[in-house]
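Each step along the sequence shown adds one to the number in numbering that gives the first Met the number 0, with nothing skipped, and position 200 is 199.
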Amino acid sequence: MSPALTAISNTGTAPLRFPHRNLLGIEGLSADEITFLLDLADSYVQQNREADKKSTILRGRTIINLFFENSTRTRTSFELAGKRLGGDVINMSVSTSSIKKGETLIDTAMTLNAMHPDVLVVRHPDSGAVALLSQKVNCAVINGGDGSHEHPTQALLDALTIRRRRGKLQGLLVAICGDILHSRVARSNIQLLQIMGARVRLIAPATLLPAAAERLGAEVFLDMRKGLKDCDIVMMLRLQTERMQGSFVPSIREYFHFFGLDYDKLSAAKPDALIMHPGPMNRGVEIDSEVADDIDRSVIREQVEMGVAVRMAVLDALTRDPAQRNAPHGK
Ligand code: ASP
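What follows is the structure, encoded as structure tokens:
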């Protein structure tokens, strides 16, 4: 088991702990543990804005990015995070054979395990695959997105973006809109936001809602204007056509008309509501280009910046030695 971590939160209150060996999902994390990671990430935002961005916290450590599914920002972000902390980062992209998927996953895990990595960051098209892999290796495992199940570092970076802009998560009204059915981002965010005391609304056509959407603890809306009313945060999701078997929307044009975020629909939300999107964006499908690029309202680029800081915090937290538990991190 990896050590339990203790750190003083930036708010200067009670010590917070992070006792987990892996980060497989938001499910199972407490508000204190999430706050611990967000506070740690906050300090890395500052480090990343300095001319010298590098520290030695992960010197001698090996991080392997094992991606069975395409990724641009998540993989790059983890790579940068590992390098900024002074670790050695190796990227492996593996194409999945649909016939021997299970075998490939475990074989690859065992092979990599024999090379003694300290952290494996894994993305896989199947829900649950990363948790399965974590049982076969000795090192820490971070879920970089598994099927439509969870994408914990995305939810953490979204939370950090919101918290830095609004100063809190507690009590905010957050709308998550679009392809909720196929979205691991939605699943991780729904949990994290509720753990942290935010209220969540899900807005989607009935075909893109999970079967028991109400049981996720969020209010469900089938109409954008009604769902967006008085929201503080508007989180748009990509229409994930690669996970769709069959037709879920009549046409892209109709989808944009009813569910694409444009200024008209956005006017139902609070006047200063923030616009978010995990990327990659389908402009003109789930979001209007002008809205996405609105420098006063859109925090989409900031989300990318926060992504590196959050991944540094997670790598730091999962690799600390017992002797360093209480030490302030730094260069
Ligand atoms: N990048 C996010 C993910 O990997 C969102 C998306 O692909 O739409 O889930």
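Quick reminder that beta carbons are idealized off the backbone N, C-alpha and C, glycines included.
Endpoints, alpha helix (DSSP H) assigned at residue i
i      : result
ASP87  : Looking at the DSSP string, ASP87 is not in any alpha helix (DSSP H); the run it does join, the beta strand (DSSP E), is 87–92.
MET280 : That residue, MET280, is in no alpha helix (DSSP H); it is neither H nor E in DSSP.
Within 9 angstroms, strictly: CB atoms of residue i and residue j
i      : j      : result
ARG164 : LEU37  : no
ALA341 : ILE179 : In this structure the chain extends from 0 to 330, so residue 341 is not present and cannot be described.
VAL298 : LEU314 : no
ALA197 : LYS228 : no
ALA279 : THR71  : For the sequence presented, residue 279 should be read as Pro rather than Ala. Their beta carbons are under 9 angstroms apart, which means PRO279 touches THR71 by this criterion.
Same chain, Cβ closer than 6 angstroms to residue i, five either side skipped, listed in chain order
i      : result
HIS148 : SER126 and ARG183
PHE17  : LEU4, GLU32, PHE35 and ALA316
GLN239 : ASP178 and HIS181
ILE98  : Interpretation of ILE98 is limited by its pLDDT of 48, a score under 50 that renders its predicted location unreliable; the figure taken from the coordinates is listed afterwards. Same-chain partners within the cutoff: there are none.
MET305 : LEU156, LEU159 and THR160
LEU191 : ILE25, ALA154 and ALA158
ALA108 : LEU132, LYS135 and VAL136
ASP117 : ARG60, THR61, CYS138 and THR318
VAL309 : ALA40, THR152, LEU155, LEU156 and LEU159
PHE77  : ASN64, VAL120 and ARG310
Contact belief for residue i with residue j at Cβ below 8 angstroms, rounded distance in angstroms
i      : j      : result
MET311 : ARG83  : 6 angstroms
ARG74  : ASN64  : 5 angstroms
LEU159 : ASP41  : 7 angstroms
GLY170 : ILE202 : So it is not a contact: roughly 20 angstroms between Cβ atoms.
ASN142 : VAL121 : 7 angstroms
Residue i beta carbon near the ligand ASP (any heavy atom closer than 8 angstroms)
i      : result
THR75  : no
SER92  : no
VAL120 : no
VAL184 : yes
ARG16  : no
PRO279 : yes
ARG300 : no
GLY144 : yes
GLN153 : yes
SER70  : yes
HIS19  : no
HIS148 : no
GLN190 : no
ARG282 : no
Proximal residues to residue i (C-beta, below 7 angstroms), its chain only, five neighbours per side dropped
i      : result
SER92  : PHE66
LEU221 : PRO204 and ALA205
Extent of the continuous beta strand (DSSP E) run through residue i
i      : result
ILE232 : 232–235
GLY146 : From DSSP, GLY146 is part of no beta strand (DSSP E); its letter is neither H nor E.
ALA174 : 172–176
HIS64  : It is worth fixing the name first, because residue 64 is Asn in this sequence and not His. Here the beta strand (DSSP E) through ASN64 covers 61–66.
VAL219 : 218–220
HIS256 : Here HIS256 belongs to no beta strand (DSSP E); instead the alpha helix (DSSP H) covers 251–258.
ARG198 : 198–202
VAL120 : 118–123
ARG186 : Looking at the DSSP string, ARG186 is not in any beta strand (DSSP E); the run it does join, the alpha helix (DSSP H), is 183–194.
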